[in-house]
Every structure is written in C-alpha cells, then in structure tokens.
Amino acid sequence: SQGTSRFDVDFGRKTINGIVSTSPYTLNLSGNIDGASFNGDKDGISMKGNFYGPNAAELGGVFKGSAIEGDITNFTGSFGAKKQ
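In this note's numbering, the protein residues as written are 352 to 435.
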C-alpha cells in the first residue's frame, strides 16, 4: 500500500532517522551513513538505501522486519524521499 515518509539526515554525524507511515502503521527507521549509502536496525526493523542526485538531495531504500503490535508477523517495503 502507499504511504508517506520523512527523513532527517545529518551528514556531519553520518546519521539518518526516518518515519515511514502507511495506515494504520508507523515505522521508525534509524541508521548510519557510509559514503552514498546508509543502513541500520531499530526495534527489529532493518533498512538500507542510497542517496541520489546532485548534493544527495534524494534517497531511496528498502526495509524489513517482523511483529508490529502483534498484527503482522513479517513485512518488507520500500521508501523514497526528496529534500524539501
């Protein structure tokens, strides 16, 4: 299903934190930046992705995990975002 995403990127600290929402679920993602890519795990959800475009103004990636509030046992998805 379709949803929304929002990411905060700190290239100085080499960290990325984001939220991916698709009703009725909200996933919190967190990771570390290594060059033009990033990856991380938070609360049983792993993610990985890359930065794209001039000045890394866009990003895209995938996530996977299990057991959100006991409703879903396994899940995967993708996300993208553009600097605002």
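Quick reminder that beta carbons are idealized off the backbone N, C-alpha and C, glycines included.
- With distances taken between CA atoms, residue 417 lies nearest to 397 out of 410, 406 and 397.
- Looking at the backbone, the Cα of residue 407 and that of residue 384 are separated by about 12 Å.
- A residue is called buried when at least 16 other Cβ atoms come within 10 angstroms of its Cβ; residue 371 meets this threshold and is buried.
- Beta-bridge annotation (DSSP): residue 356 is paired with 371.
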